[in-house]
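Taken in order, these protein sequences are the chains called B and C.
For the first sequence, the working numbering begins at 1 and goes up steadily by one.
For the second sequence, the working numbering begins at 1001 and goes up steadily by one.
I have placed the structure first, in the form of structure tokens, so that the comments after it can refer back to it.
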Amino acid sequence: MSELWFYILAGMTVAAATGVVMLPNPVHSALSLVATLFLVAIHYASLDAHLVAALQIIVYAGAIMVLFLFVIMLLNLQTDPDESPMNATAAIAAGAALAIAAVLGRVFYAFGTSGAGAELPEGFGTTKALARVLFREHTVAFELTSLLLLVAVVGAVVLAQRDKHDARVEPVEPVEPVETEGQG
Amino acid sequence: MDAWLIGGVKSLIVIAMVLQLSALLLWVERKGSALIQNRYGANRANFFGVVPFNLGFLNTLIADPIKLFTKEDFVPAGADRFIHSLAPFLALFPALITFAAIPFGDYVVIGGTTIELRAVDLDVGILYVVAMVAMSVYGVVLAGWASNNRWALLGSIRGAAQMISYEVALGLALVSMVLTYNTLDMQAMVYAQGELIFGVLPAWGFLYQPAALLIVFTAGMAESKRVPFDLPEAESELVAGYFTEYSGGKQAAFMLADFAEVVMTAGLVVTLFFGGWQVPYLTAEGWTLPFMDLIPVTGWIVTVLQLASFTIKVLFFCWLQILVRWTLPRFRYDQLMNLGWKGMIPLALINLFITALMILLVGESA
């Protein structure tokens, strides 16, 4: 990918990411996040990491963000009434963001362009190459992660079931009509 | 520059084919429903009465778009104008570009350049399809939310729940297909289906994975939100569901997206289970029928036969989906969810387990 394309894409990504925190409407923010994740996936694809790009879209832009949007819509969150964008929290957050940007910028500047123009190894970014690394060098970590996800899924099911179980143990008694005095 | 040109032309061809086929399917649906319900239908189109046969297809290709795009584009009061306009594009976009990963032919050599007959040479093709299916939820969800209409919101919530539920079964069935073919590359899957079982039967996917075929076809129909899975737009309950507040061109975009998803489902089923562009027993040397002499067929004729094979199969599965749509009644919502979560997902899991077990026992994929 040429440098020009990279800068256009990077500008769009930063703009979308800024939209996530700046837009007052939560649905618009969530959509900005979808756009950001999608654009990051395009960055991955342009770096020959096709598998990671596809997974990024399936997991983040697809599954997780649909859930986010679903919850925002169900809770019917309203537009943030706080009209003043420059309160104390925002100032601290901006300062922290600038500090992190400065540190990251220093680190990446130190890397310089040492890796630019290097030849990619054969089969870089393909599923086979990634699977080899994942299942040969990081098997334990991979299995532990899958176990963690399984625990989360089982936990979600248990939490969702508990209300139903309680309801069965203590059936809700029919409400007796309350006698009203002095009416009718 | 050559690569850009070839890629651009291929992408244009694929998008144009999907768009044209979607528009034509609208006519097939009208005429097909008339056939199924034993009545006349779509028989008024002609050119000043001079053409001796019915020009119904021109209705959906020319007259309908002109009518729809010159209609008033109405945005209801209190609607989120930007998202209301964005939603039809978000519905149409993934439906149109999913076809990019599907190979519609082997390859052709033009002027010494080998051109693969698919829009993009993706080695993660099947994951790309899953990713685009996942993205297609947004159009439905946002259309309902932005309309500021309760029926629309109910429709979009139904749509999101339905599409997410059936995506799980679809994904699991696709994993078993990946195990069977031992690749994520859809072109490689089609190559694998060019082999013969015992030297007699073409090794098409449905012979190995009938359960996965059932799941992928059903989940694909559920993703396209048409009868019997049209709960998100159930007109007897929700006016028109998530696109209640849409008119003119935007409504046409939703309709087109549904038909593009029909084409997509057909393409996916054909590529995974019915040999893609493979013609039975046709190899690069010619027709090698079992127990018979080789019938020499070479060069361009092979390519044309393969393209025709893919097209006919896709058309057949489009027609099959329209047939199902006009044959079955709509599900009740609990039936829909029960079928998805208690029927198809367990079936897909069992199918995946058996597939993995067979590969472990036999020692290699098909």
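Note that the Cβ used here is the ideal one computed from N, Cα and C, for glycine as well.
Inter-residue spacing [alpha-carbon to alpha-carbon] between residue i and residue j
i, j, result
"C/Val1051", "C/Ala1045", "10 Å"
"C/Ile1215", "C/Met1163", "14 Å"
"C/Ala1101", "B/Val157", "36 Å"
"C/Val1297", "C/Thr1303", "10 Å"
"B/Val151", "B/Leu144", "10 Å"
"C/Leu1024", "C/Leu1068", "16 Å"
"C/Ser1365", "C/Gly1105", "For C/Ser1365, the predicted structure reports a pLDDT of 48, less than 50, and the residue's modelled location is therefore unreliable. The matter cannot be settled from this model."
"C/Val1009", "C/Val1175", "32 Å"
"C/Ile1350", "C/Ile1359", "14 Å"
"C/Arg1081", "C/Leu1092", "18 Å"
"C/Gly1125", "C/Ser1136", "17 Å"
"B/Leu33", "C/Ala1173", "30 Å"
"C/Glu1072", "C/Trp1300", "49 Å"
"C/Arg1325", "C/Pro1346", "25 Å"
"C/Gly1144", "C/Ala1152", "4 Å"
"C/Gly1049", "C/Ser1011", "38 Å"
"C/Ala1119", "C/Lys1313", "19 Å"
"C/Thr1283", "C/Leu1294", "10 Å"
"B/Ala160", "C/Gly1155", "24 Å"
"C/Ala1252", "C/Pro1065", "8 Å"
"C/Gln1020", "C/Ile1013", "10 Å"
"C/Tyr1040", "C/Ser1033", "9 Å"
"B/Lys128", "C/Gln1193", "21 Å"
"B/Thr36", "B/Ala17", "6 Å"
Short CB-CB distance (under 7 Å) between residue i and chain C
i, result
"B/Ala94", "no"
"B/Leu149", "no"
"B/Ile57", "yes"
"B/Thr145", "no"
"B/Phe70", "yes"
"B/Ala54", "yes"
"B/Gly62", "yes"
"B/Leu139", "In the sequence as presented, Leu is not what sits at residue 139 of chain B; that position holds Thr. No, no contact with chain C."
"B/Met22", "no"
"B/Val158", "no"
"B/Val66", "yes"
"B/Thr126", "yes"
Nearest-angstrom Cβ-Cβ length linking residue i and residue j, presumed shorter than 8 Å
i, j, result
"C/Asn1149", "C/Thr1070", "Actually they do not touch by this definition, with Cβ atoms about 24 Å apart."
"C/Ala1160", "B/Val66", "6 Å"
"C/Pro1228", "C/Gly1241", "Not a contact, Cβ separation roughly 15 Å."
"B/Ala30", "B/Leu74", "Wrong, their Cβ atoms sit about 13 Å apart, outside the cutoff."
"B/Ile58", "C/Val1130", "6 Å"
"C/Ala1089", "C/Met1264", "Contrary to the premise, residue 1089 of chain C reads as Phe rather than Ala in this sequence. C/Phe1089 to C/Met1264, Cβ: 17 Å. No contact."
"C/Ser1247", "C/Phe1074", "5 Å"
"C/Leu1096", "C/Ile1015", "6 Å"
Any chain B beta carbon closer than 7 Å to residue i
i, result
"C/Trp1287", "no"
"C/Val1075", "no"
"C/Phe1127", "Here the sequence assigns Leu to residue 1127 of chain C, which means Phe is not the residue at that position. Yes - at least one Cβ of chain B is within 7 Å of the one on C/Leu1127."
"C/Leu1272", "no"
"C/Val1140", "no"
"C/Trp1004", "no"
"C/Leu1349", "no"
"C/Trp1145", "yes"
"C/Leu1184", "yes"
"C/Val1302", "no"
"C/Ala1134", "yes"
"C/Val1137", "yes"
"C/Ser1365", "Interpretation of C/Ser1365 is limited by its pLDDT of 48, a score under 50 that renders its predicted location unreliable; the figure taken from the coordinates is listed afterwards. No, C/Ser1365 lies away from the interface with chain B (no Cβ there is under 7 Å from its Cβ)."
Which of helix, strand or coil DSSP assigns to residue i
i, result
"C/Pro1202", "strand"
"C/Thr973", "The shown model of chain C, from 1001 to 1366, leaves out residue 973 of chain C, and the question about it has no answer."
"C/Gly1286", "strand"
"C/Tyr1281", "coil"
"C/Leu1184", "coil"
"B/Thr89", "helix"
"B/Thr126", "coil"
"C/Thr1113", "strand"
"C/Val1381", "Chain C is shown only over 1001 to 1366; residue 1381 of chain C falls outside these bounds and no answer can be derived."
"C/Leu1328", "coil"
"C/Tyr1166", "helix"
"B/Ile186", "Only positions 1 to 184 of chain B appear in the structure, and residue 186 of chain B is not among them; the question remains open."
"C/Pro1296", "strand"
"B/Leu150", "helix"
"C/Val1120", "coil"
"B/Gln183", "With a pLDDT of 48 at B/Gln183, under the threshold of 50, the modelled position of that residue is not reliable, and no figure is offered here."
- Query: When you check each C-beta in the stretch 31-52 of chain B against every C-beta of chain C, which residues fall closer than 9 Å?
  - Reply: Leu31, Val34, Phe38, Ala41, His50, Leu51
- Identify each residue in the stretch 1149-1175 of chain C for which the Cβ-Cβ distance to at least one residue of chain B is less than 9 Å, and report them in chain order. Leu1153, Ser1156, Ile1157, Ala1160, Ala1161, Met1163, Ile1164, Glu1167, Gly1171
- Message: Under 7 Å, CB to CB, which of the residues in the stretch 1098-1132 of chain C have a partner in chain B?
- Response: Using a CB distance below 7 Å, the part of the stretch 1098-1132 of chain C facing chain B consists of Leu1122, Asp1123, Val1124, Leu1127, Tyr1128, Val1130, Ala1131, ordered along the chain.
- Give the residues from the stretch 4-19 of chain B that approach chain C closer than 9 Å (Cβ to any Cβ), ordered along the chain. none
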